[in-house]
Structures are given as C-alpha cells and as structure tokens.
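Read in order, the letters of the sequence shown are residues 1 to 856 in the UniProt record's numbering. Glycine residues also receive a C-beta, built at the ideal position from the N, C-alpha and C atoms. Following: one structure in structure tokens, then a few remarks.
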Amino acid sequence: MSPTAAVSAEEPLTAHALQAKWQKYWADNETFRAGGADDTRPRKYVLAMFPYPSGDLHMGHAENYLYSDIVARYWRHRGHNVLNPIGWDSFGLPAENAAIRRGADPREWTYQNIAQQRESLGDYGVSFDWSRVLHTSDPEYYRWNQWLFLKLYERGLAYRKESPVNWCPNDQTVLANEQVVDGRCERCGAEVVKKKLTQWYFRITEYADRLLDDLNQLEGSWPQKVLQMQRNWIGRSVGADVDFRIEGREGVVTVFSTRPDTLHGATFFVVAPDSDLAAELAASASPEVRMRFQDYLTQVQKTSEIDRQSTERPKTGVFLEHYAINPVNGERLPIWAADYVLADYGHGAVMAVPAHDQRDLDFARAFDLPVKVVVDTTAPITGAMPVIEVDEDGVPIEPAGTLDDQHPATTGIALTGEGRMINSGELNGLSKRNAIARAIEQLEASGNGRAAKNYRLRDWLISRQRFWGTPIPMLHTTDGRIVPVPEDQLPVRLPSVDGLDLSPKGSSPLGAAEGWVRTVDPSTGEPALRDPDTMDTFVDSSWYFLRFLSPTSDAVAFDVDEARRWAPVDSYIGGVEHAILHLLYARFLTKVLFDMGLIDFTEPFSSLINQGMVILNGAKMSKSKGNLVLFQEELDAHGADTLRVALAFAGPVEDDKDWADVSTTGAQKFLSRALRVAQDVTSPVGVPFDGGDAALRRATHRLLAEAPGLVEQTKFNVLVARLMELVNTTRKTIDTGAGGADPAVREAAETIAVMLDLVAPHTAEELWEILGHEPSVGLVPWRQADPVLLVEDTVTTAVQVNGKVRATLEVPARIGDAELEALARADERVQRALADKEIVRVIVRAPKIVNFAVKG
C-alpha cells in the first residue's frame, strides 16, 4: 500500500515533504536492492565513480550521481535486475593533512565527512543499493588490498627497487608519474623534484601490450578522447635495442631507437644526468668535470620532467670525457650528460642523430658538434629505386649539392621527413621502412642489437610515506631478507595515532610506531620490522567494483560466481579527469585477476560515460576562489527533484554546465505542471486508451518510441525536453478537449509518471499514487509504442523565403515534392513574401520544408 495519503490540490506537499515521504518508503521496502542469484531477470551493473570524503558534496557530485541514477532507473523500467551500489574512497592525503591541521585522528575527519555525504545522497533520492556500502579505509576492505599485493608479489608483479622518484616536498611523499601534472603535485600544487629512494612497484609494464591492444574492445563504447589518452600514455614505440661499448668500460650500454636505420648519422652520445651511468662516467673523469657534473646534477634535480623535455628551453649539458663506439662503423662518439634525456626512458641513454632529430640538432648546434645527413629527404620514395653511382672502390658517390640548401647544420631544422638513405653503407638507396628492417637484420647478425619495443608507460610506484593508507604487508628481517606477511595474519591493521607525529617528514610516520613496526619473522621467530610505507590509494579504487559484489565477505575479496553473474560493469559514470590514472590501473588489475582465473573478462568497464564539470560564472568551482556551490545548500533551497531536472536539462552530458545559467525556477514550474496534470485525471484506472484523443495519443507514443534511444545515447536533456512537451500537450488537451475524463489524458499522465521517475523520482512516485496506482513507479515496466500511432496523418511544413519562415502548412504525411511546392506557392502569406521578387531556386524536402531562394 502507499505510505501516506497522496498530494491534493488543496494541500500540496512541499518538495521536502515529498522527499521524506518517498525516501522512507524506499528504505522501508528496500526498493532498489539488487535481486539475488535466484532472480532470473537479465542483469545490469551500473556504477558511478565513488566519492572522496573531503567534505560535503558539490554540484559536480550532484551531476555524476544524477546521470548514474538515470541509467540505473532506466534499466529497472526495462525489466532488468540492476546493481547500483555506493561506497567511499576514504584513504588518502587530504584526510591526513586535514587531521594534522586539526590535531585529530584522520579516521574521525574521514568518517564524519562520510556521514555527511551519505545524508546528502539519501536526500537526493539516488536509487542506490544501500545494503552494499563500503569504505576503503575499513580494515575489512584494505585487508583485500594486502591480499592483492601478496598475489602480485607471488607472480613477480610486485617488487622493490631503488630509483629516482617524483618527490613532493610539501606532502613529503613520492608520487607516481601520473600524479605529476605540469611538473607539480596534483594534490597540493607544489613543484615536484627528483629524489632517489627504494620503493615498491607494480610491474604494469608487463601488461603494456595487452593494455594497449585491448582498447580495441572498447571502441564505440568508451569516449574516443579517453581511448586516445590511454594509448598516448602507454606510448608504444617499435624499433631496436642497440648495444654500444664505452672505451675503458666493461660490458655494453643499450640504447633504444625507433630509427636504427640512422645509426650511421650518430655523431655523439647522451646519457641522463640523474642516471647511474652518468654518475659512473663522471666519477672517472677529471676533477674539473666531476665538479661541473655535480653542479649540473643539482640543477637538473630541481627541474621537472615536463620542463626538461620542452623544446623551448636552451640545451645544456656536460661532456663526460668518455667515448662510445658506434657498432655499425666503429666511430668514437663523445658522451655528454644532458637533461633532455630522462633516466627512465628506454635505458637512460640515446644515440644522437642531429641531422634527423630536432632536440639532438639543437644540442649539437649549442656545443658545435658534427651534423651528418643520412636521409636524403629530396629523393623520391616511390617508384623504382634511384641508380647509385659508385667510385672505383665501389663506394657510393653522393650527388653534389642535393641537400646544400636544406642542410640542418645551416638551417637549424632537422630533416624528419621520408626519403632515401645516403652515407649509410649497405643501406644507401633504401626507403625508411626497408632501411629499418635491414638495419635490425644487420644488428642481429653482428650481435650488436635486436628488434625491440619501448613504452612511455612506467611501472606503477605504489609506496607512500604517509600514515592514512593500506599498510604494505611485507617484513624486513635482521638478516636482510624481505618476506610477506602470511595471509592468515591479514589484515595488517593501522595502529592508533596516539603518540604519533603525522606531520610530513620524508619518512612514513608508521616507522615511529614502535609497538606496531616491531614484530617477528613468521618462519623463524626472529625479530623483524614491518614495512613502514602505505599503498597508493589508486590501489583501493582499482578493484572496488568487484568488492561491491561481496562487500561483507570475510572469506574472499569477491565471490567468483557473483563476478560471473554481474561483472564487468555495464555502465561506468564519472569525470574525464580519471581518464588515465584510475582507468589504467583498474584495467591492469582486471587483467591480472583474469590471469589468476578469478574472473572471465579482461576489461572492467564495458561502457564509459564522462560528464562535463559544473562551473560557476565561467570558472571551475573552488573554496579558494570563493565560488563553491555546495550541494546540501542547493538541496535545502530547491529540493532534490528540482535540482535533478535542472541539471538534466542544462545541456549534453559531456558539456560543462555553468550553474549561473541553470534554471531551477523553470524546473520547479515544470514539476508543478506535471502534478496538476495528474490531479486533473478523472478516468478510472484500467480504462481502455484506444478511444481517446488521437493527437495526444500520437504524441504519447512518439515519446514512448523515442525515449529508449535518448537514454541509451545519454541525451538526457532531450528526454526532459520531450517530457516537457508532452506535459504541455496533455495540459492543452485537458483545457480544450474532453478534460480529465479523456482516456488519452490518463495514458499520457501515466507515461509522464513512469518516465519522470528517471529525473524526478519523488514527484514521479506522487504522480503514480495520484493516478491510483500502488508504488513503486520505479519498478513499473515501460510501455511499448504502438506502431500504428507512429504513422502521422498530417505533418507541419515550414515554408521559407531566403531561409526565413513565412508560413506553416498542415499537409498529408505522404505528400510529394511537386504537390507540396504547389501548395506553398498558393498560400497568400507566401505570395506576399514573393511579390516583386525573382525566384532563383526552390528547395523542397517533402513533407518538412519548402524554401524559395529569391533576389530583388
């Protein structure tokens, strides 16, 4: 039965009373709880990216959870068993920094904010399954982060190494490459520096090819922009690893190059200043060079990688007084340390071919190094291979002056185009493609190289030197071994903050928790120390969609059978700012779990919806700018349904919406009109609709036919516009026709109620009850459109003169072009517009439009 009496015309319930009434009903009846294994309906898993509890929700959250709720409600109406859960991404730096400022426990701040956000989401009327709530900072959750870590460690995918890392001097912790934006910490904005530390990594590069190639599975279901961002970040390059020897040094130095065909054009060798190789070579150089190198290294460590790779910066470097030997011609190449080479790209060293690489050329010109052209970009690369003249010794004679006017040493512009090889021994005359293949064959035959691939992607650095995160489940023994915590000892819980100084100091606060950090080696009983670092919070969010399937289980991270029933996620909704970090990591761990045999899919999110931002007066909202619009304040002022309708109607999903332009007044008026339509219906429940007003029935069934496509194409603003049109048409029929007794009016009102549930669920429930039905309207199947009613008897034709509408005509839907033109010419309004003018062209598109192009 209904929860309380329905709204009446005399005493309408306020928006907040409507919310309270229907939210209580939904909670009491668990209306939106997903069905269990015995539910035979087809399943849909709809998921919005979960929030971080940094305070109250803002209007960006309101938009995100509105869109996900529209999708979830739609699939319920279409007869599906829908899973739509909610949780909180509750570990991380903001909570810890806020706790430090307040002298409090980050737990208190985090869970207070979660309570506030949960209340706001409840007030918003989102159809979440509240039985599946999770918080990543609960030991019951992060226990399984630790389990995942151990599984990756067993498979050789979690490892520890010393390397230069991105260091945030403000937050006193390391950052993954993806968390550095324009050389600054994405969290606090501080300029990031390089620092050498021993850290834990996940070997995501092991999956680079699959991460790249499997994007093809997502074509058409993920935004193209996101797919391209993922491809660019992985950045696969195909070429060769080339082995160079260094005079006076044992072993080889391997260089990756996409252009092994240009080896004959290498004139110097460059190593990253912050690489181990640069330090080794500088150590055996003269005292003057050693000192100059140390000064240079200090300068480089203060420069971001973005700046180091900028083509606008002057080239700097230090000659290290060593030479590499070119493996194809034996030439001695001077070795320089230069900051435009990065320690973690390839092998931290490059062969410099200044004639055909602009950065190498800029460096060569800055330090007066030779420039040797090996690709003639003036030579044709199609048709027959040109005849190469040779001297009496069989050495090719290069045509005089062919490149004189384009020589990079003179012009300062590298020759990067296609052409034929010159000055390259056996490669002379070959095109680029053939020369690369032949060069790799030669390197492999001589044992000096091999075909190879390189990636922009780097292994995922997960260590963080902060308290509020998942403890890494590894132990350091007194004899130098590193051993995993046994699974039956998980979770390794965070200790109390009592007595701990959480302020950033360059090492994890957990290292000072004596009672926590000191433990024993489980295999020997000898003393051991816990690893003091915590995990990057992107670990938490990379698999949470699976934990929602078994959120309370203490036996498994997720139930395998439940994963087969529900996953992957059918619709994933969130901001495009997560296009690289979060999505890449979730895709990686999904593939690892697939290889472990725990899931039967390789991509976590079948469909991705990215919404634009909600801004204010043209600017992104922020507390510092004083232009933050708080979600709860807007809820209090306008009510949930008004906010939802206004946001849904504000524009396409992917566009930014300026809150200053969003009309809550218009949304409120629309909802009031819809309620009045329902109140005016007087025909009984179950009345046959087939005798009602024909025009209104056609309007209703046009919407029934159009609406599914609008939702599935995420054209939510168009759906709201169509609902507004049907409300207005129904109102007109009531006022000018048979009134509320017309069966077509009931049909239209019931259609409005069911479809309105997507954007204004409280009002929709009230409409449904006013119309005499039992709740919940959220579970009512959408009616099918009657094909007969979709055939239009007449349509409205616009008649234009020079593009301006001069008349409209009601004409048969099947009218032909000639007949339509004749009717347009005969109309008095059109004749007046055409008087004294010469018709130069007539465009007819029956039955919609006639346009007369005139002059004079």
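query	result
How big is the Cα-Cα spacing for residue 576 and residue 230?	12 Å
Can you find at least 3 beta carbon pairs, one from the segment 433-450 and one from the segment 487-505, that sit closer than 8 Å?	no
Is the separation between the beta-carbon of residue 557 and that of residue 200 shorter than 8 Å?	no
How would you label residue 188, buried or exposed, when you count the other beta carbons within 10 angstroms and need 16 or more for buried?	exposed
Can you tell me whether residue 16 is helix, strand or coil according to DSSP?	helix
At what residues does the alpha helix (DSSP H) containing residue 167 begin and finish?	Premise fails: residue 167 lies in the beta strand (DSSP E), 158-168, not in any alpha helix (DSSP H).
Quick one: what's residue 282 bridged to in DSSP?	Beta-bridge pairing links residue 282 to no other residue.
Identify every residue that forms a DSSP beta bridge with residue 197.	163
Measuring alpha carbon to alpha carbon, tell me which residue in 157, 546, 70, 144 is nearest residue 717.	70
Within its chain, find whatever has a CB closer than 6 Å to the CB of residue 213; leave out the 5 residues flanking it on each side and keep chain order.	none
Give me, in chain order, the residues of the same chain whose beta-carbon lies closer than 7 Å to that of residue 385; leave out the 5 immediate sequence neighbours on both sides.	For residue 385, the predicted model reports a pLDDT of 49, less than 50, meaning its position is unreliable and no value from the coordinates is stated.
What residue from 550, 592, 676, 138 has the CA that sits closest to residue 129's CA?	550
Please report the distance separating the alpha-carbon of residue 157 from that of residue 233.	20 Å
Does the segment 55-65 come close enough to the segment 747-759 to have 3 or more Cβ pairs within less than 8 Å?	no
Which word fits residue 675, buried or exposed, when buried means at least 16 other C-beta atoms lie within 10 angstroms of its C-beta?	buried
If you measure from the beta carbon of residue 223 to each beta carbon in chain C, is any gap under 8 Å?	The chain labelled as chain C is not found in the depicted structure, where only one protein chain is given.
Starting from residue 810, trace the beta strand (DSSP E) in both directions and tell me its first and last residue.	804-812
For the segment 785-795 against the segment 695-702, do three or more pairs of beta-carbon atoms, one drawn from each stretch, fall closer than 8 Å, so that the two count as touching?	yes
As a quick exercise: from 581, 687, 694, 723, pick the residue whose alpha carbon is nearest that of residue 227.	581
State the DSSP-derived secondary structure class of residue 851, mapped to helix, strand or coil.	strand
Within this structure, are the beta carbons of residue 808 and residue 798 separated by less than 8 Å?	yes
Going by other Cβ atoms of all chains shown within 10 Å of its Cβ, with 16 needed for buried, is residue 596 buried or exposed?	exposed
Using the Cα positions of residue 363 and residue 279, report the straight-line distance between them to the nearest angstrom.	21 Å
Kindly indicate which three-state DSSP category residue 260 falls into: helix, strand or coil?	helix
Taking DSSP as the reference, what is the three-state secondary structure of residue 309?	coil
With a floor of 3 residues, list each beta strand (DSSP E) that falls wholly inside the UniProt domain "Methionyl/Leucyl tRNA synthetase" (45-191), ordered by position along the chain.	81-83, 158-168, 173-175
Tell me the DSSP bridge mates of residue 241?	256, 450
With respect to the alpha helix (DSSP H) encompassing residue 541, which residues constitute its N-terminal and C-terminal limits?	538-541
Give the secondary structure of residue 322 by DSSP, where H, G and I count as helix, E and B as strand, and everything else as coil.	strand
Does the distance from the CB of residue 467 to the CB of residue 504 come in under 8 Å?	no
Identify which residue in 759, 482, 840, 589 has its Cα closest to the Cα of residue 524.	482
Alpha carbon to alpha carbon, how far is residue 583 from residue 516? Give it in angstroms, no decimals.	34 Å
Taking the beta strand (DSSP E) that residue 482 falls in, what are its first and last residues?	482-484
What residue does the beta strand (DSSP E) around residue 672 start on, and which one ends it?	Element bounds for residue 672: not the beta strand (DSSP E) but the alpha helix (DSSP H), 664-679.
Thinking C-alpha only, which one of 833, 800, 832 is nearest residue 842?	800
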